[in-house]
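Residue numbers (my numbering), protein chains in the order written: chain A, 476 to 1063; chain B, 75 to 315. Idealized CB from N, CA, C, for every residue including glycine. Data first, discussion second: the structure below is written as structure tokens.
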Amino acid sequence: MTIVNDAVDAVIVGLGWTGSIMSIELAKAGLKVRALESGPERTNAEHVYPKPADQLGYSVRQKVFAKASKAALTVRHDRSQTALPTRRWGAFKPGDGVGGAGVHWTAVLIRPTPTDLKLKTFADQAYKPGQLQDDLQIQDFPVSYDELEPHFDFFEKVCGASGATGNLRGQIQPGGDPFEGPRSNPYPMPPLQDTLNTTMFAGVAKKMGYHPFPNPSAAVSGPWTNPYGVQLAPCNYCGFCSDYFCLNYSKASPQTTILDAVKRMPNFSYRTDSHVIRVDLHDDRKTAKGVTYIDDKGQEVFQPANIVILASFQFNNVRLMLQSGIGAPYDPATGEGVVGRNYAFLSNGNATLFFKDKNFNPFVSAGPTGQMINDFSPGTFDAAPFGFIGGAKLHSSQAGGAPIGMSLPAGTPSWGAGWKKGIKDWYGHSMKISITTTCMSYRDNYLDLDPTYKDPYGQPLLRMTFDWKQNELKLQQFLRDKVLAIVKELGPDSYTESFLKPDAHWDTTSYISTHNVGGAVMGDTPKDSAINKYLQSWDVHNVFVPGGNAFPQNFQANPTDMLGALSYYSVKAITEQYIKKPGPLVAA
Amino acid sequence: MAVPNGASRRAFLMGSVFALPVAAIGMRFLGAAEAARLAAPAIESYQPVFFANDEWRFILAACDRLIPADDVGPGALEANVPVFIDQELNGSYGKADNWYMQGPFDPNAPALMGYQLPYTPQELYRRGIRAVDAYARQTYQKPFTDLDAKTRDDVLTKLQRNQIDFAAFEEPVLKASAFFGFLLTNTQEGYLSDPMYGGNRGMEAWKMIGFPGARASFLEWIGQHNVKYPLGPVSVLGERA
Ligand SMILES: Cc1cc2nc3c(=O)[nH]c(=O)nc-3n(C[C@H](O)[C@H](O)[C@H](O)COP(=O)(O)OP(=O)(O)OC[C@H]3O[C@@H](n4cnc5c(N)ncnc54)[C@H](O)[C@@H]3O)c2cc1C
Chain A
476 MTIVNDAVDA VIVGLGWTGS IMSIELAKAG LKVRALESGP ERTNAEHVYP KPADQLGYSV
536 RQKVFAKASK AALTVRHDRS QTALPTRRWG AFKPGDGVGG AGVHWTAVLI RPTPTDLKLK
596 TFADQAYKPG QLQDDLQIQD FPVSYDELEP HFDFFEKVCG ASGATGNLRG QIQPGGDPFE
656 GPRSNPYPMP PLQDTLNTTM FAGVAKKMGY HPFPNPSAAV SGPWTNPYGV QLAPCNYCGF
716 CSDYFCLNYS KASPQTTILD AVKRMPNFSY RTDSHVIRVD LHDDRKTAKG VTYIDDKGQE
776 VFQPANIVIL ASFQFNNVRL MLQSGIGAPY DPATGEGVVG RNYAFLSNGN ATLFFKDKNF
836 NPFVSAGPTG QMINDFSPGT FDAAPFGFIG GAKLHSSQAG GAPIGMSLPA GTPSWGAGWK
896 KGIKDWYGHS MKISITTTCM SYRDNYLDLD PTYKDPYGQP LLRMTFDWKQ NELKLQQFLR
956 DKVLAIVKEL GPDSYTESFL KPDAHWDTTS YISTHNVGGA VMGDTPKDSA INKYLQSWDV
1016 HNVFVPGGNA FPQNFQANPT DMLGALSYYS VKAITEQYIK KPGPLVAA
Chain B
75 MAVPNGASRR AFLMGSVFAL PVAAIGMRFL GAAEAARLAA PAIESYQPVF FANDEWRFIL
135 AACDRLIPAD DVGPGALEAN VPVFIDQELN GSYGKADNWY MQGPFDPNAP ALMGYQLPYT
195 PQELYRRGIR AVDAYARQTY QKPFTDLDAK TRDDVLTKLQ RNQIDFAAFE EPVLKASAFF
255 GFLLTNTQEG YLSDPMYGGN RGMEAWKMIG FPGARASFLE WIGQHNVKYP LGPVSVLGER
315 A
């Protein structure tokens, strides 16, 4: 027997970054809101100093991440292969529980550029027909930078964003990113302090004519009270950030910026250990009547709701849409259908530079610690002669210094006395120059439901079909040259490098980033998108789908600033238009 | 009972570990103070909770070569790395609680597809140890544990390079290199993780490399570039070294 809950105005599936934003804004508008979170409760009190200062527990054994036992996907490189499950996390590692991946993210909070959001328009102008791969499926975002700017601005205030302003209302500012879109306000807080590697990198980059700026950070550089009245404490550079729960109440997370405020609202409630298995549709399939979930006792519960917000992370959102019959599934053979279409990821690469005489003290850092250049993003340089579209953040970051898995110079034995001597001689004496790249979307990189493997709820796993394309491999080779030129200027005693080889296939085992995008993209027409500019399903108008799924392809910036801005943009349309007159907000 | 130092101490550990009276102690789920006290038992008084006796001796013998003792810094045995491995295997890691372990399995999947074996780490260690011992008995007429250091190094190198055919020792699915990979990864984890997990005894490995452990507060240090950090490590449970 299915249990039926009291009805709510809005049910939020997933209480990570986007779910928390939607929750508080809908609750502020007076709606009765209930969030259903698949994972456990996670509070600051459980992760007080010094508990998170534990590399094995948090980073290696991933104690605040989703468990693959429950949340695995299957992966393969192309349609001819049988996909296999991610039995342990590899290239990406999603979050679960209250706060989602927002509890253990690195907190680099950076906006995409105006060009990133109109990439197809840019491509049509900057490239001749036939210059790019013909299976490219890139699209413009259906919103412009200017439309989103107030929402970037607000989300950055929620997070206490700490950075150097590069473009204030059209005026280029020294020390910031001259290629960023215009900001209506400067960063709320000054940038984090530099470390040795970041000053070395920035010095050389400047000398080479680039435009370095501090990584924009959502670990706050000073005390901050956000627009919800929640306070963050100055980052103490503890060195346990990316992969860890913040032990100092300094890293913006749903917990430290939103949840304490929304939990006080009587019209908001949430349930943990409540895993949504489908959205239930009315017979006409034009609206949803609520969602069904499995509660902490293993019972099936129906939650009636007038509005359903899927905020369960990019690939979970896509999976829930496929399971619920929201939108037509994508078929790569015919190019028809939209749900699963345009899955994209990102690549990274780096050089590790070893300096015997320098102490980098890598344990002294915030997750976002670093300097970067945006001189190689679409539109800031001419990639057409190289036959690719795209770019990268090129940066020297120092996200933490815990020793398991530390970098060692080439030739160091992997075990034995030589390894021990290696770690003794080289711990704390290396820095990295890295790239985090764009990734385009292609006809046959896509998502669908796996025919074989099931999760503990008996639901099919999501199947990811993805591989590198020539465009991204050329981009890597181009950027490798740029990185190695900087390495040469820095003059280390030695260096190692890790970039994609021209014939590389996607390595599902080694971590890249949890910046998965696409699969239920936003667009101008239901022909090539699953959701409209307000993240509203074209097919089921009371379902909204905030998440990386909305990106038609991936830009070089980290995704979460965009996710925050899109969520605020969407929720404004819901509260100002949709609840007054439910129906499609954009004519199909 | 006096425990000798250096090389003879290691010989002592490996030879006589089971002759000693032991207290069966699980180190997890204890109060902080109690756990701190128990966090670093001498390895010879440690009763393994997962490994059987000959398996335990194998782990001691292997760890002793993966991170040997010398004057550069502590060896894996001085750092209680085997205790760490035993504890990890006995817990949720050993049981692969968090891994997706539903079939079908394709153990011949390409390496880029990640871990696809049907074994939990517990099973993998049991099978790996048995196969290596079978190889050692066939090749040297002795179990791995009884081989001299040089020969153990040779065997470990062969494992790493996948030059021992486990299939010939009734292990058709598990590859030598996969077993070696777990052994090495877990050994290095035990050497460098917080002592509350059983290894990194006395935080000697952290002292050797200059990692300050769980200090985790560096506001007054962030502005000081290229200066060696002067303080020793602390642990999550509050020990100092
Ligand atoms: C290690 C790491 C570092 C990162 N660093 C950065 C960075 O520096 N900058 C940046 O911009 N981004 C970064 N990210 C990405 C960032 O964390 C995500 O973009 C962001 O958290 C996504 O927000 P979301 O709301 O879409 O998903 P999440 O925050 O992950 O929240 C989704 C929630 O939904 C829940 N859920 C899933 N399925 C169901 C279901 N069926 N029913 C109920 N609930 C469900 C999940 O348990 C989860 O709690 C990082 C990610 C990781 C893992």
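Subject >> Buried versus exposed, by CB contacts within 10 Å (16 or more), LYS302 (chain B) >> reply: exposed
Original post:
If we call anything under 8 angstroms between Cβ atoms a contact, is VAL783 (chain A) one with VAL486 (chain A)?
Top reply: yes
Original post:
Quick one, which of A:GLN951, A:TYR685, A:HIS750, A:TYR712 has its alpha-carbon nearest MET847 (chain A)'s?
Top reply: A:TYR685
**OP:** Taking only the alpha-carbon atoms, compute the straight-line gap between ASP481 (chain A) and ALA780 (chain A) and give it to the nearest angstrom.
**Re:** 9 angstroms
**OP:** Spatial neighbours of TYR533 (chain A) within its chain, please: CB distance less than 8 angstroms, with the 5 preceding and 5 following residues excluded, ordered by chain position.
**Re:** PRO527, VAL539, HIS579, PHE715, ASP718, TYR719, PHE720
Original post:
From the DSSP output, which residues share a beta bridge with ARG914 (chain A)?
Top reply: Looking at the sequence provided, one finds Cys at residue 914 (chain A) rather than Arg. A:ASN1029.
Original post:
So, helix, strand or coil for CYS716 (chain A), using DSSP?
Top reply: coil
Subject >> Per-residue DSSP class, three states only, for SER251 (chain B) >> reply: helix
Original post:
Alpha carbon to alpha carbon, how far is LYS169 (chain B) from LEU163 (chain B)?
Top reply: 7 angstroms
Subject >> Distance cut-off 7 angstroms: TRP492 (chain A) Cβ against heavy atoms of ligand 1 >> reply: yes
**OP:** Check the Cβ-Cβ distances between ALA694 (chain A) and every residue of chain B, and say whether any is below 8 angstroms.
**Re:** no
Original post:
Roughly how many angstroms lie between the CA atoms of LEU1038 (chain A) and PHE285 (chain B), to the nearest whole one?
Top reply: 36 angstroms
**OP:** Enumerate in chain order the residues of its own chain whose CB-to-CB distance from LYS507 (chain A) is below 7 angstroms, with the five nearest sequence positions on each side excluded.
**Re:** VAL483, ASP484, ASN742
Original post:
Just curious, the alpha helix (DSSP H) that ASP628 (chain A) is in, first and last residue?
Top reply: 620-634
Original post:
From ILE478 (chain A) to GLY489 (chain A), what does the alpha carbon distance come to, in whole angstroms?
Top reply: 20 angstroms
Original post:
Can you give the beta carbon distance from ILE752 (chain A) to THR767 (chain A), rounded, assuming they're within the 8 angstroms contact cut?
Top reply: 6 angstroms
**OP:** Tell me where the alpha helix (DSSP H) around SER495 (chain A) begins and ends.
**Re:** 492-503
Subject >> Same chain, Cβ closer than 8 angstroms to PRO687 (chain A), five either side skipped, listed in chain order >> reply: PHE676, ALA677, ALA680, LYS681, GLN846, MET847, ILE848
Original post:
Within the present structure, is the beta-carbon of PHE953 (chain A) separated from the nearest heavy atom of ligand 1 by less than 7 angstroms?
Top reply: no
Original post:
In whole angstroms, what is the alpha-carbon distance linking LEU311 (chain B) and PRO617 (chain A)?
Top reply: 52 angstroms
Subject >> Other residues of its chain near HIS980 (chain A): CB distance less than 6 angstroms, five sequence neighbours each side excluded >> reply: HIS552, ASP942
Original post:
Can you name the start and end residues of the beta strand (DSSP E) that ALA485 (chain A) belongs to?
Top reply: 483-488
Subject >> Contact set for THR887 (chain A): own chain, Cβ-Cβ below 7 angstroms, skip 5 residues either direction >> reply: GLY893, TRP894, GLY897
**OP:** Decide if ILE889 (chain A) is buried, meaning its Cβ has at least 16 other Cβ atoms within 10 Å, or exposed.
**Re:** This sequence places Ser at residue 889 (chain A); Ile is not what is there. Counting Cβ neighbours within 10 Å, SER889 (chain A) comes out exposed, since fewer than 16 surround it.
Original post:
Expressed to the nearest angstrom, what Euclidean distance is found between the alpha-carbon atoms of ASP806 (chain A) and LEU559 (chain A)?
Top reply: 20 angstroms
**OP:** Leaving out five residues on either side along the sequence, give the residues of the same chain with a beta carbon under 8 angstroms from the beta carbon of ALA736 (chain A).
**Re:** ILE499, TYR703, GLY704, VAL705
**OP:** Name, in chain order, the residues that DSSP records as bridge partners for ARG204 (chain B).
**Re:** Answer is none; ARG204 (chain B) lacks a bridge partner.
Original post:
Mind pulling the chain B residues with CB within less than 8 angstroms of TRP943 (chain A)?
Top reply: Within 8 angstroms Cβ-Cβ: nothing; TRP943 (chain A) doesn't reach chain B, min ~11 angstroms.
**OP:** Check whether the Cβ of ALA547 (chain A) lies closer than 7 angstroms to any heavy atom of ligand 3, and answer yes or no.
**Re:** Ligands displayed in this structure: ligand 1; ligand 3 is not among them.
Subject >> Proximal residues of chain A, C-beta to C-beta of GLN196 (chain B) below 7 angstroms >> reply: By Cβ distance, chain A contributes nothing, its closest Cβ being about 15 angstroms from GLN196 (chain B), past 7 angstroms.
Subject >> Bridge partner(s) assigned by DSSP for ILE117 (chain B) >> reply: Beta-bridge pairing links ILE117 (chain B) to no other residue.
Original post:
For a contact meaning CB atoms closer than 8 angstroms, what does LEU559 (chain A) contact in chain B?
Top reply: ASP180, ALA183, MET187, GLY188, GLN190
**OP:** Compute the beta-carbon to beta-carbon distance between ASP968 (chain A) and PHE830 (chain A), rounded to the nearest angstrom, for a pair I have assumed lies under 8 angstroms.
**Re:** 6 angstroms
**OP:** Indicate whether the contact test is met: 3 or more Cβ pairs, each with one atom in the segment 818-826 of chain A and one in the segment 1042-1054 of chain A, closer than 8 angstroms.
**Re:** no
Original post:
Does ligand 1 have even one heavy atom less than 7 angstroms from the beta-carbon of SER717 (chain A)?
Top reply: yes
Subject >> Under the three-state DSSP convention, the category GLN237 (chain B) falls into >> reply: coil
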